[in-house]
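The next block holds one structure in the form of structure tokens; read it before the comments.
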Amino acid sequence: MASQPDTLSSPPHETLSTASAIGVVESLADAIDSVLTVSEVEDYRYETLDKSTQEIRLLLLRPSKDPTKPIELSIFKVPLQNANPYWALSYTWGDASFREKVQLNKLKFSVTRNLFEALKSLQSRLSDELRLWVDAVCINQGDLDERSQQVKMMCHIYAQADIVAAFMGPLEDGVSLGYQLITVLA
Numbered sequence: 011m012a013s014q015p016d017t018l019s020s021p022p023h024e025t026l027s028t029a030s031a032i033g034v035v036e037s038l039a040d041a042i043d044s045v046l047t048v049s050e051v052e053d054y055r056y057e058t059l060d061k062s063t064q065e066i067r068l069l070l071l072r073p074s075k076d077p078t079k080p081i082e083l084s085i086f087k088v089p090l091q092n093a094n095p096y097w098a099l100s101y102t103w104g105d106a107s108f109r110e111k112v113q114l115n116k117l118k119f120s121v122t123r124n125l126f127e128a129l130k131s132l133q134s135r136l137s138d139e140l141r142l143w144v145d146a147v148c149i150n151q152g153d154l155d156e157r158s159q160q161v162k163m164m165c166h167i168y169a170q171a172d173i174v175a176a177f178m179g180p181l182e183d184g185v186s187l188g189y190q191l192i193t194v195l196a
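If you read the sequence shown in our numbering, its first letter stands for residue 11, the second for the next number, and so on.
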């Protein structure tokens, strides 16, 4: 049985090794995947909130001890007066150019790295699903009217939450000094 050559023929002046061809195919696959991921991020569409009932959106965060598993969130609307129980998450948005992907209603959704780290931190500590309000996701940031209306409600959203969790960032960012200061001041 004749062995297969370790090259693929290209135009007459070029010969491409099998390893190089696989590399080119993998690069193309990565490029296609990144294009598809961008379009998947844009697939999630916010439903309009009912202003007359002071509707807000809440997230349902599913627990996971596996740090490699994607963050899975469901989002739903509820009148603020019927929203409890829920937690409100406060965190620094950080550099908006550093983004991570989460699953929002089974669609890809882009969040800041700081929010991603906050959600990962919460997710790893959960034993059951958590109802959560997070401004960057629960408010449609692309709708100026909604954003204005929801920002006016934020004091009520935070006041009504069962717990307001503050995420100061991963420990490797020097945040441990902040935790130590809070402990001393408490």
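We put the beta carbon where it would ideally sit given N, CA and C, even for glycine.
- Within the same chain, P89 come within 7 Å of T63 by CB-CB distance, once the 5 residues on both sides are set aside.
- In this model, T122 and Q91 are separated by some 29 Å (Cα to Cα).
- The Cβ atoms of Q113 and P80 lie closer than 8 Å to each other.
- Counted as a single uninterrupted DSSP element, the alpha helix (DSSP H) harbouring F126 occupies residues R123 to R135.
- Within 10 angstroms of the beta-carbon of Y168 lie fewer than 16 other beta-carbons, which makes it exposed.
- By the CB criterion at 8 Å, N94 and D172 fall inside the cutoff.
- With fewer than 16 other Cβ atoms inside 10 Å of its own Cβ, R55 counts as exposed.
- Here E139 is exposed. Its C-beta has fewer than 16 other C-beta atoms within 10 Å.
- Here the alpha carbons of V174 and K61 stand approximately 24 Å from one another.
- F126 and S100 have their C-alpha atoms spaced approximately 13 Å apart.
- Annotation: the continuous alpha helix (DSSP H) that includes Q159 extends over L154 to Q170.
- Each residue's CA atom was taken as its position, placing A176 and S120 some 21 Å apart.
- The beta-carbon separation of L59 and E156, rounded to 6 Å, stays under the 8 Å limit for a contact.
- Beta-carbon to beta-carbon, C148 and L83 are separated by about 10 Å, too far to satisfy the 8 Å threshold.
- At a Cβ-Cβ threshold of 8 Å, N115 and I85 count as neighbours.
- V88 sits in a strand when the DSSP states are folded into three classes.
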